[in-house]
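Residue numbers (the numbering used here), protein chains in the order written: chain C, 439 to 571; chain H, 14 to 131.
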């Protein structure tokens, strides 16, 4: 069984809306407080990347509930400029925006599964999952 | 949304009780520096007990406000960072090494008291 919800990101406040929705879903799924904070922070980083680099995009939440495991998948998509060098953005400390550069490698550490696809000029899609333990 | 800044003798006390969005965080940075200037406060405690999420942006704003206040001559201590927030920040790769912290408001005030020798 799975269900989906979505937040469109095009202004700063949408970052907050996305992480509030994500936290609510995580709470309902039975994640503990630490995992809720991990998931919420990951959503915040992904939504901010969309806002900063692509201007507009979407964050989807998918609830995965099978017999043996439960989890949340976050999909962040945009049709922005894309990322030229994926291995570079996955390095700790790399930034083009003067932020802390904690972005994507940090998100990968907070979540259990992480996948990124990007094409220059077409956009970026990040799919990341956290399982309830 | 504005975060209230309270004055107590030579100190400013702030308890962040709302969900921090980027704009509120930046507004707070500006408000705090103005208040330090106006009140000539020598110490500041920012209590984060009710904050459930600190992402890289909010962490940067908080780290910056500590350095900015320091430049002006006021010591800032962050207090009450929740266990889940501390774990998430370190996993995210944010160490905030130069930021003075204390367990709670009371210890934060004691820390300021010791450092400023007042």
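All residues carry an ideal CB built from backbone N, CA and C; glycine is no exception. Remember, predicted model here, so these are calculated numbers, not experimental data.
Original post:
At what residue ranges does the region 464-552 of chain C contain a whole run of the alpha helix (DSSP H), taking only runs of 4 or more?
Top reply: 471-487, 524-527 and 541-548
**OP:** Show which residues of chain C have a CB atom less than 9 Å away from the CB atom of residue 40/H.
**Re:** Looking up residue 40/H in the second chain gives position 27. Under the 9 Å cutoff, chain C gives no residues; its nearest Cβ is about 12 Å from residue 40/H.
Original post:
Which of the residues in the region 83-107 of chain H, read from start to end, lie with their CB under 9 Å from any CB of chain C?
Top reply: 95, 96, 97, 98, 100, 101, 102, 104, 105, 106 and 107
Subject >> Complete runs of the beta strand (DSSP E) confined to the region 85-128 of chain H [at least 3 residues] >> reply: 88-92
Subject >> For residue 545/C and residue 510/C, the rounded distance between their alpha carbons >> reply: Along the first chain, read from residue 1 onward, the residue named residue 510/C stands at position 72. Along the first chain, read from residue 1 onward, the residue named residue 545/C stands at position 107. Going from the Cα of residue 510/C to the Cα of residue 545/C covers about 14 Å.
**OP:** Indicate whether at least one CB of chain C lies closer than 8 Å to the CB of residue 78/H.
**Re:** Here residue 78/H corresponds to residue number 65 of the second chain, with the count starting at 1. Judged by the 8 Å Cβ criterion, residue 78/H is not in contact with chain C.
Original post:
Which bits of chain D does residue 30/H rub up against, with CB to CB less than 9 Å?
Top reply: The displayed structure is made up of protein chains C and H, and chain D is not among them.
Subject >> Helix, strand or coil at residue 565/C according to DSSP, with G and I counted as helix >> reply: For the purposes of this step, residue 565/C is identified with residue 127 of the first chain, where counting begins at 1. Residue state, collapsed to three classes: strand.
**OP:** Whole angstroms is fine: what's the gap from residue 77/H's alpha carbon to residue 506/C's?
**Re:** Here residue 77/H is taken as the residue at index 64 of the second chain, counted from 1. Here residue 506/C is taken as the residue at index 68 of the first chain, counted from 1. The alpha-carbon atoms of residue 77/H and residue 506/C are separated by roughly 45 Å.
Subject >> Close Cβ partners of residue 68/H (< 8 Å) along its chain, the five nearest in sequence each way excluded >> reply: Taking the second chain and counting its residues from 1, the one referred to as residue 68/H is at position 55. Same-chain partners within the cutoff: 105.
**OP:** Could you tell me whether any Cβ in chain C is nearer than 8 Å to the Cβ of residue 63/H?
**Re:** By 1-based counting over the second chain, the position of residue 63/H is 50. Cβ-Cβ to chain C under 8 Å: no for residue 63/H.
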